[in-house]
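S.K.: According to the numbering used here, the first sequence is numbered sequentially starting from 18. Heads up, the beta-carbon is just placed ideally off N, CA and C, and yes, glycines get one too. Every value quoted in this text rests on a predicted model; they were computed, and no experiment measured them. This structure is in C-alpha cells; I'll ask about it shortly.
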Amino acid sequence: MPAKTQPARGMRDFLPADLRRREYVIRVIKDVYERYGFEPLETPAVENIETLMGKYGEEGNQLIFKILKRGEHEKTGEADLALRYDLTVPLARVVAEYGERLPKFFKRYQIQPVWRADRPARGRYREFYQCDVDCIGTRSPVVEAEICAAASDVLRTLGFDNFTIRLNHRQVLAGVLEAAGVAADKQGDALVAIDKLDKIGREGVAREFDARGLDADAGGRLLDFFETLPELEHAAELIADETLDIKGGTRAEAYNHAALGRLVEFVSGHDAGALGIENLRAIVEYADAYGVADKIKIDPSIARGLSYYTGAIMEISVPDLAGSLGGGGRYDNLVGMFSGKEITACGFSLGLDRIVLVMTERGMFPEKVGRASADVLVTVWNEESVKDSLAFAAELRKSAPALRVGVYPEADKLGKQLKYASALGVPFVVVIGDDERARGEVALKDMKTGEQRTLKREQAGAELSEALNGAAK
RNA sequence: GCGGCCAUAGCUCAGUUGGUUAGAGCGCCUGACUGUGGAUCAGGAGGUCGCGGGUUCGAACCCCGCUGGCCGCCCCA
Numbered sequence: 018m019p020a021k022t023q024p025a026r027g028m029r030d031f032l033p034a035d036l037r038r039r040e041y042v043i044r045v046i047k048d049v050y051e052r053y054g055f056e057p058l059e060t061p062a063v064e065n066i067e068t069l070m071g072k073y074g075e076e077g078n079q080l081i082f083k084i085l086k087r088g089e090h091e092k093t094g095e096a097d098l099a100l101r102y103d104l105t106v107p108l109a110r111v112v113a114e115y116g117e118r119l120p121k122f123f124k125r126y127q128i129q130p131v132w133r134a135d136r137p138a139r140g141r142y143r144e145f146y147q148c149d150v151d152c153i154g155t156r157s158p159v160v161e162a163e164i165c166a167a168a169s170d171v172l173r174t175l176g177f178d179n180f181t182i183r184l185n186h187r188q189v190l191a192g193v194l195e196a197a198g199v200a201a202d203k204q205g206d207a208l209v210a211i212d213k214l215d216k217i218g219r220e221g222v223a224r225e226f227d228a229r230g231l232d233a234d235a236g237g238r239l240l241d242f243f244e245t246l247p248e249l250e251h252a253a254e255l256i257a258d259e260t261l262d263i264k265g266g267t268r269a270e271a272y273n274h275a276a277l278g279r280l281v282e283f284v285s286g287h288d289a290g291a292l293g294i295e296n297l298r299a300i301v302e303y304a305d306a307y308g309v310a311d312k313i314k315i316d317p318s319i320a321r322g323l324s325y326y327t328g329a330i331m332e333i334s335v336p337d338l339a340g341s342l343g344g345g346g347r348y349d350n351l352v353g354m355f356s357g358k359e360i361t362a363c364g365f366s367l368g369l370d371r372i373v374l375v376m377t378e379r380g381m382f383p384e385k386v387g388r389a390s391a392d393v394l395v396t397v398w399n400e401e402s403v404k405d406s407l408a409f410a411a412e413l414r415k416s417a418p419a420l421r422v423g424v425y426p427e428a429d430k431l432g433k434q435l436k437y438a439s440a441l442g443v444p445f446v447v448v449i450g451d452d453e454r455a456r457g458e459v460a461l462k463d464m465k466t467g468e469q470r471t472l473k474r475e476q477a478g479a480e481l482s483e484a485l486n487g488a489a490k
C-alpha cells in the first residue's frame, strides 16, 4: 500500500510561491513592530501541559494538542506535554520565569506557529502562525492605543484600507449584561447570541436566548440596547459633517463618542463598567493622538473566546472574511497565574494565514513577491565547459553581490536550458559557447525582449546589476 | 461535535439507464529547429477512477465503512 503523502489534516506544506508571500508579510510585520520598539522573542513549540490547561476556557482545553508520555507510560494515554495553543500564555510563563531580568516594561513581538485541534475550515488550520505584540508591566491605555496603531500600520503597509479595529471591554460587557438583568451564569450564552445580531436579526437572537434559557425580559433589554447602536451611525455621520471643519473630527470619532455616551447611560449604576467606559474613552483619545482613531470602532458586541482577558478587547475585521484578521486585549491576571504576583499586560495578535489568504484573493501582493528564484541563469555548454560556467557564476556573484545567480546543473541542449529559465521566470540568461569563450566574452540574453548581445566577461556583473535596477524601478 | 455536497491523468473537468480498450483542454516529453525559451504543426508518455468492503454475469457509476476536501452550524487567528 502506498504511503499517504498528504500532510496531516489541517496542516500544510508551503511551496516556494506560498512561502515567498508569507515571508513578505512577516517581513513587513517585523519591520513595523521593530519601529514601535518591540523586541523579538521565541519560545518552544512544546509546553508542559499544566502551563496551558485552564488558561483558555472550557472549549480551549479540548482544542489543545496533547503529547503522550514516552516510554512505558505511553500505554496509559497520559499526557504531560502539549503543543502551544497561542503565544500569549507562553509569554506569561516567560515573564513569570525571568521576572526582574526583563526590562521594566517588556515589549516583545513573537512570530511563530501555534496548534489547535480544531476542525479545519476556510482560513482555519490546525497549525497556523500568529504574529503577537505585547507590552508587559503597565496598566496604561497608551499600550492599547499603541498596539492598535502598530496593527493598523502593518495592515496599511500591506495595502489594506478597509479594515476596522473593533474595540470593547470585558468590564463594560459585564456592566451591560448586569444592567440588562442577565443572570451571572448566562452571560456567556447571552454574548454568543448577541454576536449574531447582524446575521440573524432580532427575532433570531431572541430565539437563541430562549434556547439558551435566558430570561426573556433581560434579553429584551439587551436587544433594545444593541439595536440602538446602528442608529448612532447615522447620527454620527451628521455630527461629523457639521463639525468636520471645526474639530477635524471624523465619522468614526463621532460614532465612538456617541457609543460611549450610550454606554454611560445604560451602564451608569455599575462601577466596574463605568471605569471600563472611561478606559475605552482614554484608548480612543490616545489612538487619536497616534493618528489611528478613524480605524477604531467601539463595538459592545464583541466578546472574544479566550477567558484570560480582563479589560479592553479588540478584533480586526475586513468585509470579505467571516472571521477576524487578528485580535487581542488586556490580561492583567495571566502572569499572576504563574508567578503569584499581579503583573499587568496587554497585547495583540495578527493571524498571518488569514492576512495571506485575503491578500492572495484580492491580488494585493507586489509583483516582486512572485519573482523567480534567480536573476540570471548561467547555461552549461557541454561536459567540458561545466567548470567554466561554475567559475563564471562565481565571478558574477563576486562582482554583483545583490545578483541571484543560478547555474543550469547539467550539460544539455541550449533550448532545454532556455526553456527551463523561461519556465522559472528567470529574466536573464548567460550563454558561454565555444565562440564566446575563445574571445573572453559571454552572450547575455534578455528573456523578456528576446534580445541578446555579447559583452566582455568582466562587464557582465555591472551590466546585469544595471539592467535589474532599471527593471525594479 | 452536527447537517449538506464532493473525490476520475501533473492541473481543470467530461464520462449516457451499470455494458468491450475510461476521454477532453491545459501542462509534460520527443521531433520539425545539428548555438536559443514563448508561437505553429506532428507524434508520445501518463490513470489499480481517494482507500477498503459489498451487490451484480459485469461497477468510475449502486450500497456500507474509512480517509481527505468544500459549504453551513458551533467556535476561532
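Helix, strand or coil for Ala419, going by three-state DSSP, please let me know.
M.R.: Three-state DSSP puts Ala419 in coil, outside helix and strand.
S.K.: With DSSP collapsed to three states, give me the class of Arg156.
M.R.: Of the three classes helix, strand and coil, the one that applies to Arg156 here is coil, per DSSP.
S.K.: Going by Cα to Cα distance, which pick from Thr245, Phe180, Arg187 is closest to Phe283?
M.R.: For Phe283, the nearest C-alpha among the options comes from Thr245.
S.K.: Are the region 329-344 and the region 373-383 in contact at 8 angstroms, needing three or more beta carbon pairs?
M.R.: At 8 angstroms Cβ cutoff, the stretches touch.
S.K.: Cα separation between Trp132 and Arg143?
M.R.: Straight-line Cα distance between these residues: approximately 5 angstroms.
S.K.: Just to confirm, is the Cβ distance from Val395 to Phe180 under 8 angstroms?
M.R.: No, they are not a contact pair.
S.K.: If you run the structure through DSSP and keep just helix, strand and coil, what is Ala62?
M.R.: Correct three-state label for Ala62: coil.
S.K.: What residue range does the beta strand (DSSP E) around Arg187 cover?
M.R.: Not the beta strand (DSSP E): Arg187 falls in the alpha helix (DSSP H), residues 187-197.
S.K.: Which same chain residues, not among the five before or five after Gly54, have their C-beta less than 8 angstroms away from its C-beta?
M.R.: So the list reads Lys124, once near-sequence residues are dropped.
S.K.: Using DSSP bridges, identify the partner residues of Trp132.
M.R.: According to DSSP, Trp132 bridges with Glu144.
S.K.: Do the CB positions of Ala329 and Gly353 come within less than 8 angstroms of each other?
M.R.: The answer is no: Cβ separation not under 8 angstroms.
S.K.: Roughly how far, in whole angstroms, is the beta-carbon of Leu108 from the beta-carbon of Gln127, given that I think they are within contact range, below 8 angstroms?
M.R.: Confirmed, Cβ separation roughly 7 angstroms.
S.K.: So Val45 packs on Val171, CB below 8 angstroms; how close in whole Å?
M.R.: The pair is a contact, with the Cβ atoms about 6 angstroms apart (cut-off 8 angstroms).
S.K.: For Glu400, I'd like the list of residues in its chain whose CB is within less than 8 angstroms of its CB, leaving aside the five on either flank, ordered along the chain.
M.R.: Cβ neighbours of Glu400 beyond the five flanking positions: Ala428.
S.K.: Assuming contact is defined by CB atoms lying nearer than 8 angstroms, are Asp370 and Gly140 in contact in what I supplied?
M.R.: Taking 8 angstroms as the Cβ cut-off, Asp370 and Gly140 qualify as a contacting pair.
S.K.: Grab me the residues of Leu351's own chain with a C-beta within less than 6 angstroms of its C-beta, minus the 5 sequence neighbours each way, in chain order.
M.R.: Only Ala109, Tyr325 meet the Cβ criterion.
S.K.: Could you give the distance in angstroms between the alpha-carbon of Val459 and the alpha-carbon of Gly487?
M.R.: Using only the alpha carbons, I get a separation of about 21 angstroms.
S.K.: In the structure shown, what three-state DSSP assignment does Asp305 receive?
M.R.: It is helical.
S.K.: Going by DSSP in three states, Gly265 sits in which element: helix, strand or coil?
M.R.: With a pLDDT of only 48 at Gly265, under 50, the local geometry of the prediction cannot be trusted, and no value is derived from it.
S.K.: Counting only the same chain and skipping the five closest in sequence on each side, list residues whose C-beta sits under 6 angstroms from that of Leu104.
M.R.: Counting only Cβ-Cβ distances below 6 angstroms, and skipping sequence neighbours, we find Gln127, Gln147, Asp149.
S.K.: Would you kindly work out how many angstroms separate the C-alpha atoms of Arg37 and Ala391, rounded to a whole number?
M.R.: So the alpha carbons of these two residues sit roughly 13 angstroms apart.
S.K.: For Asp436, report the span of its beta strand (DSSP E) as first-last.
M.R.: Note on residue identity: the sequence assigns Lys, not Asp, to residue 436. Element bounds for Lys436: not the beta strand (DSSP E) but the alpha helix (DSSP H), 431-441.
S.K.: I need the straight-line Cα distance from Asp227 to Ala207, nearest angstrom please.
M.R.: Going from the Cα of Asp227 to the Cα of Ala207 covers about 10 angstroms.
S.K.: Mind checking who Lys314 pairs with in its DSSP beta bridge?
M.R.: According to DSSP, which records beta bridges pairwise, Lys314 is partnered with Arg183.
S.K.: Here's a check: name, in chain order, each residue in its chain whose Cβ is nearer than 6 angstroms to the Cβ of Arg29, leaving out the five neighbours to either side.
M.R.: Cβ neighbours of Arg29 beyond the five flanking positions: none.
S.K.: Less than 8 angstroms between the beta carbons of Gly364 and Gly293, yes or no?
M.R.: In this structure, Gly293 does not lie closer than 8 angstroms to Gly364 by Cβ.
S.K.: Are Arg183 and Glu332 close, meaning C-beta to C-beta below 8 angstroms?
M.R.: Yes, Cβ-Cβ distance for Arg183 and Glu332 is below 8 angstroms.
S.K.: Cα separation between Trp398 and Val446?
M.R.: In a straight line, the C-alpha of Trp398 is about 13 angstroms away from that of Val446.
S.K.: Within its chain, find whatever has a CB closer than 7 angstroms to the CB of Gly176; leave out the 5 residues flanking it on each side and keep chain order.
M.R.: The answer, listed in chain order, is Met381.
S.K.: To the nearest angstrom, how far is the alpha carbon of Pro247 from that of Ala200?
M.R.: If you take the alpha carbons of Pro247 and Ala200, they lie about 26 angstroms apart.
S.K.: Quick check on Ser482: does DSSP put it in helix, strand or coil?
M.R.: The answer is helix: DSSP assigns Ser482 an H, G or I state.
S.K.: Using only CA atoms, which one of Lys473, Lys465, Thr471, Arg474 lies nearest to Leu485?
M.R.: Measuring from the Cα of Leu485, the nearest candidate turns out to be Lys465.
S.K.: At which residues does the alpha helix (DSSP H) containing Val335 begin and terminate?
M.R.: Premise fails: Val335 is in no alpha helix (DSSP H) and is neither H nor E.
S.K.: Could you have a look at Gln469 and say whether DSSP puts it in helix, strand or coil?
M.R.: Note: Gln469 maps to strand in three-state DSSP.
S.K.: Using CA atoms only, rank isn't needed, just tell me which of Ile81, Arg187, Ile360 is closest to Gly116.
M.R.: Answer by Cα proximity: Ile360.
S.K.: Tell me whether Arg26 sits in a helix, a strand or coil according to DSSP, three-state version.
M.R.: Looking at Arg26 - three-state DSSP - the assignment turns out to be coil, as it is neither helix nor strand.
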